[in-house]
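Remarks on the structure that follows.
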Amino acid sequence: MDITPLLAKTKLNIFKYGEGNFETNQGVFNSSIIAMPSKAMAAEFTNLDAIDKSIFENNPIVIIGTGKTQIFDNDLRNYFLNLGINPEFMTTSAAIRTFSVLNLEDRNVIAMLQLI
-2 MDITPLLAKT KLNIFKYGEG NFETNQGVFN SSIIAMPSKA MAAEFTNLDA
48 IDKSIFENNP IVIIGTGKTQ IFDNDLRNYF LNLGINPEFM TTSAAIRTFS
98 VLNLEDRNVI AMLQLI
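Mapping of the sequence shown onto our numbering: residues -2 to 113, in sequence order.
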């Protein structure tokens, strides 16, 4: 018996990751992504000024997936602290699992996910 709750079709679901891409219910992304409760978008995190700050206006939980290893990036941390947000850094695998659970619980969560 499958007791896994189903995500609403309007919610983002990341099915698979690795080998240079993320597979979601919205398609395949061959780059790093920003995952939000109902959508994902390709993103590069080398230029933080290119990220639309309005997605962070409602004080979301911000999870940063740093690839295969957990890396604390002070520039990225300070970027979010200036927005009043304390980000959580973890491996991309852990970030996807955490995002999925929080999204299932209807939490306001954003995950910035580096490719593996």
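Think of the CB as a built atom: it goes at the ideal place given N, C-alpha and C, for glycine as much as any other residue.
Below 7 Å CB to CB, which residues in the same chain sit around residue i once its five sequence neighbours on both sides are set aside?
| i | result |
| --- | --- |
| Leu99 | Ile58, Val106 |
| Gly17 | Asn27, Leu112 |
| Ile82 | Phe53, Asn56, Val59 |
| Gln67 | Phe86, Met87, Thr88 |
Given a cut-off of 8 Å on the beta-carbon distance, is the pair residue i and residue j in contact?
| i | j | result |
| --- | --- | --- |
| Ala32 | Leu9 | yes |
| Lys65 | Thr88 | yes |
| Glu85 | Ile60 | yes |
| Leu80 | Ala92 | no |
| Ser97 | Ile11 | yes |
| Gln23 | Lys36 | yes |
| Leu122 | Phe42 | The first residue shown for the chain is -2 and the last is 113, placing residue 122 beyond what the model contains. |
If you follow the beta strand (DSSP E) that residue i is part of, which residue opens it and which one closes it?
| i | result |
| --- | --- |
| Ile61 | 58 to 62 |
If you follow the alpha helix (DSSP H) that residue i is part of, which residue opens it and which one closes it?
| i | result |
| --- | --- |
| Gly100 | Per the sequence shown, the amino acid found at residue 100 is Asn instead of Gly. Unbroken alpha helix (DSSP H) run through Asn100: 89 to 101. |
| Asn18 | First-last for Asn18: 18 to 21, but that is the beta strand (DSSP E), not the alpha helix (DSSP H). |
| Phe123 | The question about residue 123 has no answer, for the chain in this structure spans -2 to 113. |
My output table needs one value for residue i: the three-state DSSP class, helix, strand or coil.
| i | result |
| --- | --- |
| Met109 | strand |
| Lys65 | coil |
| Ala32 | strand |
| Ala47 | helix |
| Ile11 | strand |
| Phe42 | coil |
Are there 16 or more other CB atoms within 10 angstroms of the CB of residue i, so buried, or fewer, so exposed?
| i | result |
| --- | --- |
| Thr63 | buried |
| Phe19 | buried |
Among the residues of its own chain, which have a CB less than 6 Å from the CB of residue i, if the five just before and after it don't count?
| i | result |
| --- | --- |
| Lys6 | none |
| Gly15 | Ile113 |
| Phe69 | Phe86 |
Can you find the residues in the same chain that come closer than 8 Å, C-beta to C-beta, to residue i, ignoring five residues on each side of it along the sequence?
| i | result |
| --- | --- |
| Lys50 | Leu80 |
| Met45 | At residue 45 the sequence reads Leu, which differs from the Met that was named. The residues are Asp72, Leu73, Tyr76. |
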